[in-house]
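I have placed the structure first, in the form of structure tokens, so that the comments after it can refer back to it.
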Amino acid sequence: MTEIFGVPIQALYGQLMLGLVNGSFYAVLSLGLAVIFGMLNIINFAHGALYMAGAMLAWMGMEYLGIGYWWMLLLAPICVGLIGIAIERLMLQWLYKLDHLYGLLLTFGLALMIEGLFRDLYGVAGQPYSIPEEFAGAFNLGFMFLPKYRAWVVVASLSVCLMTWYMIEKTRLGAYLRAATENPQLTQAFGINVPLMVMLTYGFGVGLAGFAGVLAAPASQVGPLMGSNLIIVVFAVVVIGGMGSILGSVVTGLGLGIIEGMTKVFWPEASATVVFMIMAVVLMFRPAGLFGREK
Amino acid sequence: MSRRVTIAYLVGLGLLLLAPLFIYPILVMKVLCFALFACAFNLLLGYTGLLSFGHAVFLGTAAYVTGHALKVWQLPTLVGLLAGTVAAAALGWVIGSLAIRRQGIYFAMVTLALAQMVFFFFLQAPFTGGEDGLQGVPRGTLFGLDLANDMNLYYLVAAIFSASFWLIQRTIHSPFGQILKAIRENEARTISLGYDVAKYKLLAFVLSAGLAGLAGATKTLVFKFATLTDAHWHTSGEVVLMTLLGGMGTVFGPLVGATIIVTLQNELADKVGSLVTVIMGAIFVICVLAFRRGIVGESLALYKRMIGQKL
Numbered sequence: 021m022t023e024i025f026g027v028p029i030q031a032l033y034g035q036l037m038l039g040l041v042n043g044s045f046y047a048v049l050s051l052g053l054a055v056i057f058g059m060l061n062i063i064n065f066a067h068g069a070l071y072m073a074g075a076m077l078a079w080m081g082m083e084y085l086g087i088g089y090w091w092m093l094l095l096a097p098i099c100v101g102l103i104g105i106a107i108e109r110l111m112l113q114w115l116y117k118l119d120h121l122y123g124l125l126l127t128f129g130l131a132l133m134i135e136g137l138f139r140d141l142y143g144v145a146g147q148p149y150s151i152p153e154e155f156a157g158a159f160n161l162g163f164m165f166l167p168k169y170r171a172w173v174v175v176a177s178l179s180v181c182l183m184t185w186y187m188i189e190k191t192r193l194g195a196y197l198r199a200a201t202e203n204p205q206l207t208q209a210f211g212i213n214v215p216l217m218v219m220l221t222y223g224f225g226v227g228l229a230g231f232a233g234v235l236a237a238p239a240s241q242v243g244p245l246m247g248s249n250l251i252i253v254v255f256a257v258v259v260i261g262g263m264g265s266i267l268g269s270v271v272t273g274l275g276l277g278i279i280e281g282m283t284k285v286f287w288p289e290a291s292a293t294v295v296f297m298i299m300a301v302v303l304m305f306r307p308a309g310l311f312g313r314e315k
Numbered sequence: 041m042s043r044r045v046t047i048a049y050l051v052g053l054g055l056l057l058l059a060p061l062f063i064y065p066i067l068v069m070k071v072l073c074f075a076l077f078a079c080a081f082n083l084l085l086g087y088t089g090l091l092s093f094g095h096a097v098f099l100g101t102a103a104y105v106t107g108h109a110l111k112v113w114q115l116p117t118l119v120g121l122l123a124g125t126v127a128a129a130a131l132g133w134v135i136g137s138l139a140i141r142r143q144g145i146y147f148a149m150v151t152l153a154l155a156q157m158v159f160f161f162f163l164q165a166p167f168t169g170g171e172d173g174l175q176g177v178p179r180g181t182l183f184g185l186d187l188a189n190d191m192n193l194y195y196l197v198a199a200i201f202s203a204s205f206w207l208i209q210r211t212i213h214s215p216f217g218q219i220l221k222a223i224r225e226n227e228a229r230t231i232s233l234g235y236d237v238a239k240y241k242l243l244a245f246v247l248s249a250g251l252a253g254l255a256g257a258t259k260t261l262v263f264k265f266a267t268l269t270d271a272h273w274h275t276s277g278e279v280v281l282m283t284l285l286g287g288m289g290t291v292f293g294p295l296v297g298a299t300i301i302v303t304l305q306n307e308l309a310d311k312v313g314s315l316v317t318v319i320m321g322a323i324f325v326i327c328v329l330a331f332r333r334g335i336v337g338e339s340l341a342l343y344k345r346m347i348g349q350k351l
């Protein structure tokens with residue numbers, strides 16, 4: 021068998037693919053954080069918990085109602101988005117005039133509540149969620165076996181990121197959104213309903229998290245703790261990339277996923293911490309982040 | 041210091057000395073450790089305006105270092121406590137000098153991420169005992185007194201708490217503390233007045249980390265073990281909650297907040313199980329939405345309004 025630095029090349033490809041899958045989740049989640057931050061100036065700590073809620077909803081739909089993967093891929097993000105809209109209307113909207121830190125603290129409290137509720141209902145153990153039958157099995161690419169579901173996760177995540185980019189940069193709605201991000205008072209004066217835009221932005225951002233959660237459900241065990249560790253890594257991704265640009269979030273997310281996968285092959289002990297180490301290095305040499313602007 | 045304040049401090053000291061006669065001493069010591077932790081945290085959040093979301097890592101580091109020093113190296117108790125405190129302060133210097141490169145929300149995310157990195161290190165490192173933790177740490181003796189006796193240990197913990205509380209008071213009211221407050225209110229203006237803001241921030245961070253470490257070292261002595269929970273981000277969240285609930289930027293707020301949260305957890309742990317997390321989250325949300333000045337802050341505001349009406 022071919023080897024690179026003593027590592028079988030099959031294992032290398034496998035981890036590379038797994039890194040891409042994780043990177044796709046980083047990309048979708050950090051994109052959602054960036055969209056919310058741009059409009060609301062709030063770092064959404066509840067993002068991980070809502071990602072977990074998306075996965076749990078997919079599992080619950082299957083378990084209690086017999087609703088399959090494809091319907092839940094549509095319904096769960098909508099549900100999570102509606103939860104987000106409720107959160108924005110009931111709580112977040114009262115904080116916009118205050119220090120940004122209060123938004124972080126409030127959403128941290130919400131994350132604890134959501135996680136605690138699911139933990140109370142289902143315990144900490146993960147629930148299995150089977151891969152939809154269309155994507156069972158693997159492609160034989162000649163040099164490696166590519167599990168179909170992993171390929172689908174990467175394609176679906178990147179398509180969603182691309183669609184988000186197109187919507188924000190190329191459509192009329194996106195132009196309103198960018199205007200409202202730049203100067204809310206002036207945009208409001210032009211007759212655009214800015215509070216409505218803010219509400220929809222938050223709903224959309226957390227809906228992305230819910231979508232990622234459903235995608236993650238068959239790829240890993242579904243459990244109440246799946247969001248909290250992930251969100252801290254995503255924070256590091258956001259610090260590394262900066263929240264200035266959409267494509268920046270996607271590139272940083274994917275890149276770090278791949279680096280993490282490679283670390284699992286060559287230096288397994290460091291695989292959990294490599295993203296944080298990169299963050300430390302970036303802070304030393306480029307404090308504003310790779311794609312960030314110094315304010 | 042006015043006479044009224046002096047009397048308040050003396051009453052507080054009296055309560056501190058008498059408390060273990062009426063309440064289970066271990067519980068009071070736990071409250072004191074977390075109160076010190078929260079006071080150290082408040083120095084940073086309340087007086088410098090820096091939200092560190094990874095402060096548990098200093099508590100945890102000191103807990104492990106002190107535990108290791110006492111159990112494996114068998115050093116005297118005070119040296120062990122000092123070792124933990126110094127280790128936490130040194131880590132505070134490293135994390136602080138990285139984190140102060142970003143402001144506001146990014147500062148919070150950077151401290152959280154770096155703390156998580158250290159947490160993973162503790163999870164894998166052999167000396168921490170991984171998931172089992174570091175068990176059976178001896179308390180040792182002090183001036184010939186056996187600290188295995190809870191009452192003897194209590195007065196050591198009370199002394200550590202009082203001394204640290206006094207140190208924090210002195211810091212807040214010193215010229216250094218005034219500059220920290222100036223940074224909190226308006227960083228740009230403080231820079232334009234010629235102060236090296238980064239240096240002051242770092243010093244405040246190291247001081248806060250060291251005191252948080254002292255709290256962690258003392259906690260190891262009380263419970264005779266150190267575990268991963270001490271360094272987990274949940275604990276970082278708890279100290280934020282204690283400070284927020286009591287009142288950030290107030291002298292007694294963190295003390296009040298820590299007392300309430302520790303007592304609450306103690307009472308609720310076996311009654312509602314994992315719903316404790318939900319209750320903590322709900323307190324967070326209520327604090328942020330309804331009373332941001334915390335219990336002490338809101339009470340002071342109310343008191344001032346009443347005085348104002350009389351005049």
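Heads up: the sequence lines are chains A and B, in that order.
Residue numbers for the first sequence follow this note's numbering, beginning at 21 and rising by one.
Residue numbers for the second sequence follow this note's numbering, beginning at 41 and rising by one.
Even for Gly, the Cβ is constructed at its ideal location relative to N, Cα and C.
On a predicted model such as this, the values are computed, not experimentally measured, just so you know.
Exposed or buried, which one is residue 142 of chain B when buried takes at least 16 other CB atoms within 10 Å? Here residue 142 of chain B is taken as the residue at index 102 of the second sequence, counted from 1. Looking at its Cβ environment, which holds 16 or more other Cβ atoms inside 10 Å, residue 142 of chain B is buried.
Taking residue 47 of chain A as the reference, give the member of A:271, A:169, A:239 with the closest Cα. Position 27 of the first sequence, counted from the first residue, corresponds to residue 47 of chain A. The residue with the shortest Cα to Cα distance from residue 47 of chain A is A:271.
Going by beta carbon distance, what residues of the same chain come within less than 8 Å of residue 48 of chain B, once the five residues before and after it are set aside? Numbered from 1 along the second sequence, position 8 holds the residue referred to as residue 48 of chain B. Nothing meets the Cβ criterion.
Could you check whether the stretch 22-37 of chain A touches the stretch 181-194 of chain A, counting it as contact only if at least three pairs of C-beta atoms, one from each stretch, sit closer than 8 Å? no
What did DSSP end up calling residue 48 of chain B once you bin it into helix, strand or coil? Working through the second sequence from its first residue, we reach residue 48 of chain B at position 8. Helix.
Run the CB neighbour count on residue 58 of chain B, radius 10 Å, all protein chains shown included, and call it buried at 16 or more, exposed below. Here residue 58 of chain B refers to the residue found at position 18 of the second sequence. By the beta-carbon neighbour count (other beta carbons within 10 angstroms, threshold 16), residue 58 of chain B is exposed.
Per DSSP, which one or two residues make a beta bridge with residue 307 of chain A? Counted from its first residue, the first sequence places residue 307 of chain A at position 287. None; residue 307 of chain A has no bridge partner.
Mark residue 56 of chain B as exposed unless 16 or more other C-beta atoms lie within 10 angstroms of its C-beta, in which case mark it buried. Locating residue 56 of chain B in the second sequence gives position 16, counting from the first residue. Residue 56 of chain B is buried by the Cβ-count criterion.
Touch test, the stretch 107-119 of chain A against the stretch 221-230 of chain A, Cβ-Cβ under 8 Å, three pairs minimum: Verdict: yes, contact present.
Cβ of residue 31 of chain A within 8 Å of any chain B Cβ: For this step, residue 31 of chain A is matched to residue 11 along the first sequence. So no, residue 31 of chain A is outside the interface.
Taking just the CA atoms, how far does residue 99 of chain B sit from residue 156 of chain B? Translated into the one-based positions of the second sequence, residue 156 of chain B becomes position 116. Translated into the one-based positions of the second sequence, residue 99 of chain B becomes position 59. In a straight line, the C-alpha of residue 156 of chain B is about 13 Å away from that of residue 99 of chain B.
Contact with chain B by residue 108 of chain A, beta-carbon distance below 8 Å: Within the first sequence, numbered from 1, the residue matching residue 108 of chain A stands at position 88. So no, residue 108 of chain A is outside the interface.
Specify, as a first and last residue, the run of the beta strand (DSSP E) that residue 167 of chain A falls within. Sequence index remark: in the first sequence, residue 167 of chain A carries index 147 (1-based). Here the beta strand (DSSP E) through residue 167 of chain A covers 165-167.
Quick check: the Cα distance between residue 143 of chain A and residue 170 of chain A, rounded to an integer number of angstroms? For this step, residue 143 of chain A is matched to residue 123 along the first sequence. For this step, residue 170 of chain A is matched to residue 150 along the first sequence. Whole-angstrom Cα-Cα distance: 27 Å.
From the DSSP secondary-structure annotation, give me the bridge partner or partners of residue 213 of chain A. Along the first sequence, read from residue 1 onward, the residue named residue 213 of chain A stands at position 193. DSSP output for residue 213 of chain A lists no bridge partner at all.
Does the CB of residue 67 of chain A have a neighbour CB from chain B at under 8 Å? By one-based count along the first sequence, residue 67 of chain A stands at place 47. Residue 67 of chain A is outside the set of residues whose beta carbon lies under 8 Å from a beta carbon in chain B.
If residue 248 of chain A sits next to residue 135 of chain A, beta carbons under 8 Å apart, how far is it from one beta carbon to the other, in whole angstroms? For the purposes of this step, residue 248 of chain A is identified with residue 228 of the first sequence, where counting begins at 1. For the purposes of this step, residue 135 of chain A is identified with residue 115 of the first sequence, where counting begins at 1. With a Cβ gap of about 6 Å, residue 248 of chain A and residue 135 of chain A count as contacting.
Please indicate yes or no: does the CB of residue 96 of chain A lie closer than 7 Å to some heavy atom of the ligand ADP? In terms of ligand content, the structure shown is empty, and the ligand ADP therefore cannot be addressed.
In three-state DSSP terms, what is residue 115 of chain B? For the purposes of this step, residue 115 of chain B is identified with residue 75 of the second sequence, where counting begins at 1. Residue 115 of chain B: coil per DSSP, three-state reduction.
Starting from residue 317 of chain B, find everything on chain A with Cβ-Cβ shorter than 8 Å and list it in chain order. Translated into the one-based positions of the second sequence, residue 317 of chain B becomes position 277. Simply 132, 133, 135, 136, 139.
With a cut-off of 8 Å, do at least 3 Cβ pairs link the stretch 230-247 of chain A to the stretch 275-285 of chain A? Touching, no, given that fewer than three Cβ pairs across the two stretches are closer than 8 Å.
Using a Cβ cut-off of 8 Å (strictly closer), state whether residue 322 of chain B contacts chain A. In the second sequence, the residue the question calls residue 322 of chain B occupies position 282. It does: the Cβ of residue 322 of chain B has a partner Cβ on chain A nearer than 8 Å.
Cα-Cα separation between residue 315 of chain A and residue 121 of chain A, rounded to whole angstroms: The residue you call residue 315 of chain A lines up with position 295 of the first sequence. The residue you call residue 121 of chain A lines up with position 101 of the first sequence. Note on residue 315 of chain A: pLDDT 49, under 50, position unreliable in the model; no value is reported.
Under the three-state DSSP convention, the category residue 236 of chain B falls into: Translated into the one-based positions of the second sequence, residue 236 of chain B becomes position 196. Three-state result, residue 236 of chain B: coil.
Proximity test, Cβ basis, 8 Å: residue 298 of chain A and chain B: Taking the first residue of the first sequence as 1, we reach residue 298 of chain A at position 278. Judged by the 8 Å Cβ criterion, residue 298 of chain A is not in contact with chain B.
Contact the stretch 81-94 of chain A vs the stretch 248-262 of chain A: 3+ CB pairs below 8 Å: no
Contact criterion: CB-CB distance below 8 Å. Does residue 229 of chain B meet it with respect to chain A? Taking the first residue of the second sequence as position 1, residue 229 of chain B is located at position 189. No, no contact with chain A.
Alpha-carbon to alpha-carbon, residue 181 of chain A and residue 212 of chain B: What you label residue 212 of chain B is simply residue 172 of the second sequence in a count that begins at 1. What you label residue 181 of chain A is simply residue 161 of the first sequence in a count that begins at 1. Each residue's Cα considered, the two are about 48 Å apart.
What does residue 266 of chain A reach in chain B if we use C-beta pairs closer than 8 Å? Start at 1 with the first residue of the first sequence, and residue 266 of chain A comes out as number 246. The premise fails here: residue 266 of chain A is roughly 19 Å from chain B at the closest Cβ pair, so nothing lies under 8 Å.
Could you run through the stretch 144-159 of chain B and flag, in chain order, every residue whose CB is less than 7 Å away from some CB of chain A? Taken in chain order, the members of the stretch 144-159 of chain B whose beta-carbon sits within less than 7 Å of a beta-carbon on chain A are 144, 145, 146, 148, 149, 150, 152, 153, 154, 156, 157.
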